[in-house]
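Numbering (mature numbering (1 follows the signal peptide of the UniProt record, and there is no 0)), first residue to last: -19 to -1, 1 to 237. From the three backbone atoms N, C-alpha and C, an ideal C-beta is built for every residue, glycine too. Worksheet: one structure, shown below.
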Amino acid sequence: MKRLFLLAFSLLMFGVLSAQKTADIGIWGGVGTYTGDMTSVNYKSSLGPAAGAFVRYNFNPRYSLRGTVMVSDLDVIGSYESHPWEFGKMVTDVSAMFEFNFFRYIMGSKRHPITPYLLVGLGVSLYPYDYDPEMLAGVVPYLNTNSAPNLPSGYDKAYRENVVAANIPLGFGFKFNVGERLSVGMEGQIRKYLDDRLDNLDDPLKYYTATGENAGYWTTYNDALHNNDWTFHFGVHLSYLIYRGGKKCPAYDNIN
């Protein structure tokens, strides 16, 4: 009898846990900006639109995994040291983020309709990098009048390349149900970029040694982990429940 009870209890709990697995899709819209090597940014004039979409798999009322694609239009105005500097580019971020709900949260539930949450994950960013020695000449030391003639060949030519860089997204948000299948949320995200070319200032303090013991070597200060490029986004999102994890049980809200 005890074994039969344990088997029945296990099957019941399996059914409950299975019912907790859901999935939803959503859209995201807001604004974004940047901080990095630029020593001064006019943030009032440097907010650009951002939009995205995501799909989220909810393992249970606390934990979810979200795949997100976000596109940002960054037009940043400011200065580096005492020199005016600005850049504009489209940035596409593709991220996989783990989502932790502070409260038990179930889309469509009347007992658990609201929660703040945290995000952390890994992502990849795609954006152009513009190297323009004419613009950089008055900004970075390695292109000043004395140093530029001693640089290796190629540093006097402008070019553009497409960058694929890793990033680490972090976020905080607040979401709540507005119907049986719909929820709305407000969210802030920051991204640490593992590349220093977002602002077209690639390690601006580096310098090249043309003579002496270290001739032919660059002295650098930034690398993938140690650089200043971050983006900040704030927006709202709307999500729609597409998978309930099985047939909805009448006692679902009471159990959870």
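*Quickly, what does DSSP pair residue 168 with across the bridge? List them, please.*
154, 216
_Quick check on DSSP: helix, strand or coil for residue 31?_
strand
*Could you say which of 31, 80, 222 lies nearest to residue 214 if we only look at CA atoms?*
31
*How is residue 131 classed by DSSP in three states: helix, strand or coil?*
helix
*asked:* Please state whether the Cβ-Cβ distance between residue 205 and residue 174 is less than 7 angstroms.
replied: no
*Quick one: measure Cβ to Cβ for residue 99 and residue 155, integer angstroms, because I've assumed they're closer than 8 angstroms.*
Actually they do not touch by this definition, with Cβ atoms about 11 angstroms apart.
_Whole angstroms are fine: how far does the CA of residue 51 sit from the CA of residue 119?_
34 angstroms
*Going by alpha carbons, who is nearest to residue 225 out of 37, 33, 10?*
37
*asked:* Using only CA atoms, which one of 183, 189, 191 lies nearest to residue 203?
replied: 183
*Just tell me which of 187, 188, 7, 55 has its CA closest to the CA of residue 70.*
55
*Rank 57, 48, 34, 198 by C-alpha distance to the C-alpha of residue 24 and give the top, closest one.*
57
*Indicate the three-state DSSP secondary structure (helix, strand or coil) for residue 228 in the structure shown.*
Because residue 228 sits at a pLDDT of 49, beneath the cut-off of 50, its placement in the model cannot be relied upon, and the point is left open.
*asked:* Within 10 Å of its beta-carbon, does residue 200 have 16 or more other beta-carbons around it, so buried, or fewer, so exposed?
replied: exposed
*Please classify residue 172: is it buried, with 16 or more other beta-carbons within 10 angstroms of its beta-carbon, or exposed?*
buried
*Can you have a look at residue 26 and say buried or exposed, based on whether 16 or more other CB atoms are within 10 angstroms of its CB?*
exposed
_Is residue 178 a contact residue of the ligand SAH, with contact defined as CB to any heavy atom under 6 angstroms?_
This structure lacks the ligand SAH; in fact it carries no ligand of any kind.
*Tell me the start and end of each unbroken alpha helix (DSSP H) in the segment 42 to 128 that is at least 4 residues and wholly inside, in chain order.*
114 to 117
*Secondary structure at residue 221, three-state DSSP: helix, strand or coil?*
strand
_Proximal residues to residue 137 (C-beta, below 6 angstroms), its chain only, five neighbours per side dropped_ = 114
*Cβ distance (whole Å) where residue 128 is taken to contact residue 188 below 8 angstroms*: 7 angstroms
*Could you give the distance in angstroms between the alpha-carbon of residue 12 and the alpha-carbon of residue 105?*
19 angstroms
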